[in-house]
Structures are given as C-alpha cells and as structure tokens.
Amino acid sequence: MKIAVLPGDGIGPEIVRQAVKVIERLKADGLAVETATAPIGGAGYEAAGDPLPDATLELARGADAILLGAVGGPKFDTLDRPLRPEQGLLRIRKALGLFTNLRPAMVYEELADASSLRPELVAGLDIMILRELTGDIYFGSPRGRRTLDNGEREGFDTMKYSESEIRRIAHVGFAIARRRGKKLCSVDKANVLDTSILWREVVNEVAREYPDVELSHMYVDNAAMQLVRAPKQFDVIVTGNIFGDILSDEASMLTGSIGMLPSASLDANNKGLYEPIHGSAPDIAGRDIANPLATILSVAMMLRYTFANEAAATRIESAVRKVLRDGVRTGDIAKPGERTVGTEQMGDAVVAALGAQR
Ligand code: IPM
Ligand code: MG
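All letters in the sequence shown, in the order written, are residues 153 to 510 by the working numbering.
The following block contains the structure:
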C-alpha cells in the first residue's frame with residue numbers, strides 16, 4: 153500500500169508530521185505501507201511554479217491513498233487564480249475523480265463542553281455530511297470576469313449539476329445512511345435554483361431503490377439554522393459542493409473545534425484523499441500549537457475506507473479517545489486556564505497511547 157503525503161502550507165507540514173508518526177508506529181506493528189512526500193499548494197508553486205506540480209499529481213495517481221495537510225497562505229493571495237494554492241487542491245480532487253467527500257461531525261464526550269452550543273444539544277452527536285466534491289459552482293463554466301457596456305466590472309460563475317453527478321452521490325448517500333441510522337437529509341435550494349430542482353428530482357428517483365432509508369429534503373438556509381438549533385435530528389446529510397463546504401465548517405463547531413474533524417474524499421473505487429477539514433491557519437503556522445488530531449483521525453478514515461482495515465482504524469480512534477480522556481489538550485480544545493500541550497506533544501501522546509494498546 154502506497155500513501156502519497158502532501159503536507160502543503162501553513163500548519164500543514166507540522167500536523168502531517170504527527171500523522172506520519174502515527175503511520176510509522178502502525179508500521180512497526182506490521183502495517184505494510186510506504187509513504188512518499190511531494191509539495192502541493194503554495195509549496196508546489198514555490199517548488200515548481202504550479203500549485204499541483206506534474207510530479208505531485210503522478211505520485212498521487214500512483215498511490216493507493218493520499219494524506220494531505222492544508223493549502224494556502226497570505227504570501228500567495230496576490231497570485232493569479234490558476235496559480236493560487238487552492239487550485240492545487242481543487243485540481244487534484246477533479247483529476248482523481250474524488251466526487252464523494254465524507255465529513256463526519258462527532259462529539260467526543262470529553263469535549264462536549266468545548267462546543268459553542270450547550271453540552272446537552274451536542275452530547276453524543278454523530279452526523280455524517282456527504283458533500284459532492286467535483287461539480288457545482290466550483291467547476292461550472294462559463295466563469296470569469298467581464299466589463300459591461302456601462303464600463304462596470306462583473307464577476308460570474310455557473311452553478312450546475314448533471315443528472316449522473318447527482319445520481320452517483322445520491323447512491324453513496326443512501327448506502328451510507330443504510331449502514332448508519334437509516335436517515336438521509338438532502339439539502340438544496342430548490343425554492344430558488346433550477347440546479348436544486350433537478351437535484352431534488354433525481355434524489356427522489358434514487359430513493360425508490362432504498363425503501364428502508366427515510367429520506368427528507370431541506371433548504372440550505374433552514375439546514376444551517378437546524379444545525380445549530382437541534383443538530384441531533386440529523387444522521388446523514390447529502391448536499392452539493394458549495395452548500396457542503398459551508399455546512400461542514402458550521403458543523404465542525406458543534407464538535408468543539410474545527411481542529412478535530414477529519415475528512416475522506418473518495419473516487420468510485422474507494423481510492424481516497426484524506427485531509428483535515430480545517431485550513432492552513434497561517435497565523436499559527438510554525439508555532440507548535442496547531443491541533444494535529446483532525447489529521448491523525450484522517451489516517452483512521454484512510455485505513456477504514458481505502459485499506460478496509462477496520463482494526464487499525466479503530467486503534468487510532470481509541471488512542472485519540474484515550475489521549476482526550478487523559479486530559480491532553482491543544483489550545484483550541486482546552487478550557488480557559490487548562491494546561492495545554494503543543495502539536496508535537498499531542499502527536500507523541502497519540503503514539504504513546506497506540507503503544508500502550510499492545
Ligand atoms: C475545504 C476548503 C476548500 C474548499 C478550499 C481551500 C478550496 O474550504 O476543503 O472545505 O472550498 O473546498
Ligand atoms: Mg471549506
């Protein structure tokens with residue numbers, strides 16, 4: 153099994169280093185994986201003048217799974233759009249056909265009071281947000297800028313979904329709901345957008361094949377509100393690219409910190425790219441204070457979804473749980489006045505907890 157490691161920018165390298173320590177520890181226990189590292193995002197631009205250098209894409213194509221840190225930083229904000237770090241991420245998702253994005257929002261018992269909501273609203277929360285990742289307004293054309301006849305500048309993008317794109321993500325949604333709480337909520341804006349009207353129609357068609365799954369539909373504005381009003385009403389949410397981007401950031405806060413949430417982006421054969429859902433946090437980069445747990449938990453998702461190694465996935469998740477139970481906290485998940493550890497120490501604590509399991 154080959155893992156391509158793409159640390160990226162900002163806190164990317166330091167959090168990925170902790171996840172690699174975890175992989176090394178599992179290797180010592182017999183997990184047969186090899187890793188190779190390549191630059192992406194701003195680091196790709198600096199190394200090769202391209203946020204997704206050819207060599208990086210080739211490495212990713214040849215790998216079974218990809219572990220990614222984060223991309224972006226103020227240094228790169230003035231580059232033309234095709235050269236910006238985010239393009240590296242969007243292009244690799246598209247090039248590898250990673251249309252299924254899984255973003256679980258789970259509340260660890262130990263962190264229920266780190267949530268911005270009252271503990272009783274979030275205790276035991278376990279939602280899966282399924283975000284379509286290779287279509288929508290992110291990739292629709294035409295897009296660009298033009299100057300109108302009156303001399304005013306205009307920017308424009310195209311939201312669109314084809315029937316087959318909706319159908320395949322809907323199937324994934326129903327299949328996942330079937331393995332969980334059997335409830336699927338499809339989120340759209342069908343009261344306004346034609347794209348969403350088609351989305352809803354196709355999801356309803358697919359639903360006929362899954363009579364055991366309870367399907368509901370919700371407008372995205374209401375979904376945003378319900379997520380902070382009564383988040384436990386949700387089991388699996390399936391939605392398009394832009395709505396999923398926004399709702400998954402919102403959902404992360406229910407869990408206490410955006411630093412806790414892993415993600416998986418899968419193609420039709422479960423090849424996957426795994427990354428924390430948070431960004432590159434340039435303001436705290438290089439200071440050894442970032443929370444590496446989302447990245448470490450992304451390795452657990454990799455083992456589960458791409459390598460079908462549930463035992464190893466569970467080992468990592470149990471190790472993270474143990475560390476939290478022992479009160480080890482980075483700043484983002486600490487209560488005021490609580491003692492905190494740095495990025496490296498958090499990584500070491502998880503590795504130690506893995507060691508203690510044997
Ligand atoms: C995410 C990020 C990306 C996205 C950015 C960095 C392009 O916000 O993975 O959610 O919008 O998809
Ligand atoms: Mg986002």
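Beta carbons are placed, not taken as given, at the ideal position from N, Cα and C, and that holds for glycine.
Source: prediction; values computed, not measured.
For the alpha helix (DSSP H) containing ALA508, list its first residue and its last residue. 495-508
Rounded straight-line distance, which links the Cα of THR407 to that of ALA266: Using only the alpha carbons, I get a separation of about 7 Å.
Can you tell which of THR466, ARG467, GLU496 has its C-alpha closest to the C-alpha of VAL480? GLU496
Determine the direct distance from the alpha carbon of LEU235 to that of ASP309, and round the result to whole angstroms. 18 Å
Determine the burial state of ARG270: buried for a count of at least 16 other Cβ atoms within 10 Å of its Cβ, exposed for fewer. exposed
Which residues bound the alpha helix (DSSP H) around PRO159? Looking at the DSSP string, PRO159 is not in any alpha helix (DSSP H); the run it does join, the beta strand (DSSP E), is 154-160.
Among GLU261, ARG213, GLY307, LEU241, which has the Cα closest to the Cα of ARG473? GLU261
Ligand 1 and ASP161: does any heavy atom of the ligand fall closer than 6 Å to the residue's C-beta? no
Residues near ligand 2, criterion Cβ-heavy atom distance below 7 Å: ASP397, SER400, ASP401, ILE429
Among LEU379, THR391, GLY483, the one whose alpha carbon lies nearest that of LEU367: THR391
Are the region 231-251 and the region 404-424 touching, with three or more C-beta to C-beta distances below 8 Å? With a cut-off of 8 Å, the region 404-424 and the region 231-251 count as touching, because enough Cβ pairs lie within range.
With DSSP run on the structure shown, which of helix, strand or coil describes ARG331? helix
Option in ILE163, THR447, VAL372, LEU183 with minimal Cα separation from LEU345: VAL372
Are VAL355 and ALA329 close, meaning C-beta to C-beta below 7 Å? no
If you draw a straight line from the C-alpha of LEU220 to the C-alpha of ASP301, how long is it? 44 Å
Contact between the region 153-171 and the region 425-440 (3+ Cβ pairs under 8 Å): yes
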